[in-house]
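The block underneath contains the structure these notes are about, expressed in structure tokens.
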Amino acid sequence: MMLEMHTQLRQSRKNNSLQNLVLYIVRRITLFVGSLVTASALVFLLLRILPGDLAQAKLGIDASPEALTQTRTEFGLDDPLILQFLKWLGHALQGDLGVSMLTGANITQEIANKATVTLPLIGLASALALIFAIPLGMYSALNFRRRRGITISAVSQLGIAIPTFWVGVILVTIFSVKFQIFPSGGFPDAGWSSWSSCLESLVLPATTLALGQGAMLMRFARSATIDVIQQDYFRTARATGLTRSQALRIHGVRNSLVPVVSVLGMQIATLIVGAIIVEHVFALPGIGQMLLQDVSIRDYTKVQGTVATTTAAVFLVSFLIDAILGLLNPKSRANQ
Amino acid sequence: MTKFVLKRISKISLVCASLLLATSEIASAATVGAKTNATITIGFTLEPVSLDITGAAGQAIPQVLLNNVYEGLLKVENSGKIVPSIAESYTVSTNGLVYTFKLAKTKFHDGANLTSADVVWSFNRVLDPKSTAVLPTQKQQFSTIASITAPNASTVVIELKDRDNDFLFNLTQRGGVIFKTGTTDFATKANGTGPFKFGNWNRGNSITLERNDSYRATKALAKTVIFRYILDATALSNAILSGQIDIMSTVQKPELLSVFKGRKDLKISSGTTNGEVTLGMNNSKAPLNNIKVRQAIRQALNKKALIKTAWAGYGLEIGSFVPPTDAWYEDLSDTFPYDVQAAKNLLKQAGYPNGFSITLDIPPAPYAEASQEFIVASLKKIGINVTIKPVAWGEWLDRIFTKANYDMTIVAHVERSDMSIYANPNYYFRYNSAEYQSLIKKAGSARTPVGQAESLKKAARLLSNESVSDWLWLIPNLQVVKKSITGFPQNDVGDAYSVAAIAKE
Numbered sequence: 235m236m237l238e239m240h241t242q243l244r245q246s247r248k249n250n251s252l253q254n255l256v257l258y259i260v261r262r263i264t265l266f267v268g269s270l271v272t273a274s275a276l277v278f279l280l281l282r283i284l285p286g287d288l289a290q291a292k293l294g295i296d297a298s299p300e301a302l303t304q305t306r307t308e309f310g311l312d313d314p315l316i317l318q319f320l321k322w323l324g325h326a327l328q329g330d331l332g333v334s335m336l337t338g339a340n341i342t343q344e345i346a347n348k349a350t351v352t353l354p355l356i357g358l359a360s361a362l363a364l365i366f367a368i369p370l371g372m373y374s375a376l377n378f379r380r381r382r383g384i385t386i387s388a389v390s391q392l393g394i395a396i397p398t399f400w401v402g403v404i405l406v407t408i409f410s411v412k413f414q415i416f417p418s419g420g421f422p423d424a425g426w427s428s429w430s431s432c433l434e435s436l437v438l439p440a441t442t443l444a445l446g447q448g449a450m451l452m453r454f455a456r457s458a459t460i461d462v463i464q465q466d467y468f469r470t471a472r473a474t475g476l477t478r479s480q481a482l483r484i485h486g487v488r489n490s491l492v493p494v495v496s497v498l499g500m501q502i503a504t505l506i507v508g509a510i511i512v513e514h515v516f517a518l519p520g521i522g523q524m525l526l527q528d529v530s531i532r533d534y535t536k537v538q539g540t541v542a543t544t545t546a547a548v549f550l551v552s553f554l555i556d557a558i559l560g561l562l563n564p565k566s567r568a569n570q
Numbered sequence: 026m027t028k029f030v031l032k033r034i035s036k037i038s039l040v041c042a043s044l045l046l047a048t049s050e051i052a053s054a055a056t057v058g059a060k061t062n063a064t065i066t067i068g069f070t071l072e073p074v075s076l077d078i079t080g081a082a083g084q085a086i087p088q089v090l091l092n093n094v095y096e097g098l099l100k101v102e103n104s105g106k107i108v109p110s111i112a113e114s115y116t117v118s119t120n121g122l123v124y125t126f127k128l129a130k131t132k133f134h135d136g137a138n139l140t141s142a143d144v145v146w147s148f149n150r151v152l153d154p155k156s157t158a159v160l161p162t163q164k165q166q167f168s169t170i171a172s173i174t175a176p177n178a179s180t181v182v183i184e185l186k187d188r189d190n191d192f193l194f195n196l197t198q199r200g201g202v203i204f205k206t207g208t209t210d211f212a213t214k215a216n217g218t219g220p221f222k223f224g225n226w227n228r229g230n231s232i233t234l235e236r237n238d239s240y241r242a243t244k245a246l247a248k249t250v251i252f253r254y255i256l257d258a259t260a261l262s263n264a265i266l267s268g269q270i271d272i273m274s275t276v277q278k279p280e281l282l283s284v285f286k287g288r289k290d291l292k293i294s295s296g297t298t299n300g301e302v303t304l305g306m307n308n309s310k311a312p313l314n315n316i317k318v319r320q321a322i323r324q325a326l327n328k329k330a331l332i333k334t335a336w337a338g339y340g341l342e343i344g345s346f347v348p349p350t351d352a353w354y355e356d357l358s359d360t361f362p363y364d365v366q367a368a369k370n371l372l373k374q375a376g377y378p379n380g381f382s383i384t385l386d387i388p389p390a391p392y393a394e395a396s397q398e399f400i401v402a403s404l405k406k407i408g409i410n411v412t413i414k415p416v417a418w419g420e421w422l423d424r425i426f427t428k429a430n431y432d433m434t435i436v437a438h439v440e441r442s443d444m445s446i447y448a449n450p451n452y453y454f455r456y457n458s459a460e461y462q463s464l465i466k467k468a469g470s471a472r473t474p475v476g477q478a479e480s481l482k483k484a485a486r487l488l489s490n491e492s493v494s495d496w497l498w499l500i501p502n503l504q505v506v507k508k509s510i511t512g513f514p515q516n517d518v519g520d521a522y523s524v525a526a527i528a529k530e
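Listed in order, the protein sequences are those of chains A and B.
Residue numbers for the first sequence follow the working numbering, so the first one is 235 and each next one is one higher.
Residue numbers for the second sequence follow the working numbering, so the first one is 26 and each next one is one higher.
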């Protein structure tokens, strides 16, 4: 009798938990798609509100009114805005972002091409940031009332405060102009088939991007670790005779990593913005540089595609991180 | 009118951003001892949006393609001289309306022979009123063409409706490029006849040109030339400091040059442009309607010192409205030279012994902002109190350019052969001189370039003597170049950046 009750209870809990998980994921996906559509509608509208006529940008300032009208009709700029948006969205959802009005280039292909610079840059920067931030953060937490802990913490504050572009300029001045160890910018024309020179080109930009990122992550790792250290279970672990670092290694690391991972997910947006600046400073032909160039020549169709893609990437990453956290930590999905 | 104004102002306001460097090769480059077969990398800021040289806007397209990949019947040398290109020679009829071109034996990069039919096809494509594939500016440049015919495979005859002294120059620019008959893809391919073949375009990064080893005339010296596009000015300057590029083709502000001084491997090249930084004066409004007052203002301004203060010492004193690459250029910088006492005397003679107060409108352009304080201080010395008023381009266009409601202003005029603006009494200078207008008219209808130059020389002298404006300096074409590089185009005389004579020692 007792056993039966126990099994039933477990069963219902399991059902409940599965139901929760499915509900959680459905909710997340709805949120993901909803925000994506809203964001692209906003981007679409904003670009149309901005001064600057697409047809004029294409034909130049001497264009005759007839030529302008013809171009507008050709590119469907006469259609109602909502129709233009739905048309664009329909194609976009199928992975077709159209062609640039100015250059005639296939936008999806261009973005994919530039991603071969930007994704490795962001990946390398995140890896660098993680490798340094987590051990340092934990170390400074373990020593949070000692001088060395405070020093590390202060330095990380500095890392957050210094603007990315300035770090980039300093790195270039030292490593490219003075010692000529790394290129000051640019990316091999051959692309990743000459992977070693590609990596060389990415060292300084990735370091620049990683510094601010790493400093931020380090502070999160530190405060999360301090939280863990002050928990009852940590004290109990210490009471069994473990040293601070032993107790942290065995019982604390996983717990303190949860907030760090979720912060990393949120920071992907910051990283993309950072990549725009870093690509500009280092003349890297990536998505950020392309976006800046397109804005300057008013290639709105392409700007729209690029912004929508990066927005989708940000949403996708935070969605994935949420999903992973949800799987890891049952509490977080039950609460939502 | 609005369209005209817009066109002009956009060109004017482009000055600061685009000291753009369209240039042509140096005829007699010092290339003795230069190593051929080198790879030369040149840094630019703006990348082409497309390869369509007649159909897409932007100066970056002719910069990389004109005279390098594509050619016209004629080309303009870096000295400003117009010389044969695809046409090995030409004659002009006595009435100045019929031009007969004899074509050189020329091959397209795809191996096809160029004939007169290709020339006719290319011009008809530009002239076709129904086609929107060609930019309006290009169409307008050749609107004086009445007919174009090909009596045989190596002769082309172009007949004009009216005499047009700009016709030969226009033939050297992007609208005059000769394509192979029936070409359809202009945006992603470039099948030209020039000393370089189009190699490869890595969008967002670079365009590579490869030497055309079967070129009809002197072959290019470098084997490969890479046009590298770096949007950020600092990144561009870092690229030459760290040795990644051989030429930095644009220095947008002279103060950026300080980082290059003391570098033994680099040299700073200061060439000419068509950009005259002009201190515009309202000739219809007292006290500036008095010729003696305008002359006094010119004598009160020490141009040498001004160029040093405002433009780091780069830039040329011109003394009138003509750049040295024009055939009618004369050095007039000594007319009304710097002399404070003479300026004071002139003011006294004009009836202003105690001076007066006027306003100087400053648009948001670096050259204007950099010279304002100097002008205020200099004119104070002869008793003129100048109030500076910063104006946005929108207001400048409306109040100054259109309505001429101003005393003085500073703007660089960058168009080529633009002396005719002083012949328009409604232009914002409000200069109404029958003598000047007749000189410009005479130049326009001159039958020979020499006749045209004679009239324009007189006109330039008249402008200077009457001190219609003051011309502060000629904007320099600044580049930073590795010392080992020779034969690069120093002056900005047209749309092209010709690289055939560039070599590495």
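The beta-carbon is built from N, C-alpha and C at its ideal position, and this holds for glycine as well.
Range covered by the beta strand (DSSP E) that runs through residue i
{"i": "B:D14", "result": "Absent from the structure is residue 14 of chain B, since the part of chain B shown begins at 26 and ends at 530."}
{"i": "B:P109", "result": "107-109"}
{"i": "B:V506", "result": "502-507"}
Chain-order list of residues whose beta-carbon lies under 8 angstroms from that of residue i (same chain, five-residue window excluded)
{"i": "B:T180", "result": "T125, F126, K127, L128, S141"}
{"i": "B:G58", "result": "Residue confidence is low: B:G58 scores 49 on pLDDT, short of 50, so the model does not pin down where it sits. No coordinate-derived value is stated."}
Where the alpha helix (DSSP H) containing residue i begins and where it ends
{"i": "A:P299", "result": "299-308"}
{"i": "B:D495", "result": "B:D495 -> not in any alpha helix (DSSP H); beta strand (DSSP E) instead, spanning 495-499."}
{"i": "B:E479", "result": "474-491"}
{"i": "B:R253", "result": "Careful: B:R253 lies outside any alpha helix (DSSP H), inside the beta strand (DSSP E) at 249-254."}
{"i": "A:I394", "result": "381-395"}
{"i": "A:T504", "result": "502-515"}
Those residues which DSSP pairs with residue i across a bridge
{"i": "B:Y115", "result": "B:F126"}
{"i": "B:M306", "result": "B:M433"}
{"i": "B:I170", "result": "B:L185"}
{"i": "B:Y452", "result": "Note: B:Y452 sits in no beta bridge, so no partner."}
{"i": "B:Y392", "result": "Paired residue(s): none; B:Y392 is not in a bridge."}
{"i": "B:L291", "result": "B:K507"}
Residue i: CB within 8 angstroms of a non-hydrogen atom of the ligand GTP
{"i": "B:P348", "result": "Although the ligand GTP was asked about, the structure shown includes no ligands whatsoever."}
Own chain, CB closer than 6 angstroms to residue i, minus 5 neighbours either side, in chain order
{"i": "A:S552", "result": "G499"}
{"i": "A:A363", "result": "A444, Q447, G448, L451"}
{"i": "A:S390", "result": "A449, M452, R453"}
{"i": "B:Q166", "result": "N195, G200"}
{"i": "A:I506", "result": "T544"}
Residue i versus residue j: straight-line alpha-carbon distance, rounded
{"i": "B:P73", "j": "B:V94", "result": "14 angstroms"}
{"i": "A:N340", "j": "A:G332", "result": "6 angstroms"}
{"i": "B:A47", "j": "B:K405", "result": "Any answer about B:A47 is weak, because its pLDDT of 33 lies below 50 and its placement is not dependable; what the coordinates show is given next. Rounded to the nearest angstrom, the two C-alpha atoms are 39 angstroms apart."}
{"i": "B:S358", "j": "B:D495", "result": "10 angstroms"}
{"i": "B:I527", "j": "B:A437", "result": "30 angstroms"}
{"i": "B:S53", "j": "A:G420", "result": "Residue placement at B:S53 is flagged as unreliable, the pLDDT there being 38, under the threshold of 50; the coordinate-derived value follows with that caveat. Rounded to the nearest angstrom, the two C-alpha atoms are 33 angstroms apart."}
{"i": "A:L281", "j": "A:F319", "result": "12 angstroms"}
{"i": "A:M524", "j": "A:V537", "result": "9 angstroms"}
{"i": "B:P220", "j": "B:V524", "result": "9 angstroms"}
{"i": "B:L139", "j": "B:T208", "result": "13 angstroms"}
{"i": "A:L315", "j": "B:P176", "result": "54 angstroms"}
{"i": "B:I232", "j": "A:H325", "result": "31 angstroms"}
Residues of its chain near residue i, where Cβ-Cβ distance is below 7 angstroms and the 5 sequence neighbours each way are ignored
{"i": "B:E184", "result": "L122, V123, A171, S172"}
{"i": "B:F381", "result": "P312, I409"}
{"i": "A:S418", "result": "V406, S410, V411"}
{"i": "B:A459", "result": "none"}
### Query
What residues in the segment 437-466 of chain A bring their beta carbon closer than 8 angstroms to a beta carbon of chain B?
none
> Of the residues that make up the segment 160-171 of chain B, which ones have a beta carbon closer than 8 angstroms to any beta carbon in chain A?
Replying inline: L160, P161, T162, Q165
With 8 angstroms as the C-beta to C-beta threshold (strictly closer), list the residues of the segment 255-286 of chain B near chain A in chain order.
-> Per Cβ criterion, the list reads I255, L256, D257, T259, A260, L261, N263, A264, L266, S267, G268, Q269.
field: Residues within the segment 513-543 of chain A neighbouring chain B, beta-carbon criterion of under 7 angstroms
entry: H514, V515, F516, A517, P519, Q523, M524, L526, Q527, I531
For the segment 329-363 of chain A, which residues have a beta carbon sitting closer than 9 angstroms to at least one beta carbon of chain B?
Cβ contacts with chain B come from S334, L336, T337, G338, A339, E344, N347, K348, V351.
| field | Near-chain A residues of the segment 205-221 of chain B - C-beta to any C-beta below 7 angstroms | value | Taking 7 angstroms as the Cβ-Cβ cut-off against chain A, the residues of the segment 205-221 of chain B that qualify are A212.
Original post:
Using a beta-carbon distance cut-off of less than 7 angstroms, what residues from the segment 58-91 of chain B approach chain A?
Top reply: E72, V74, S75, A82
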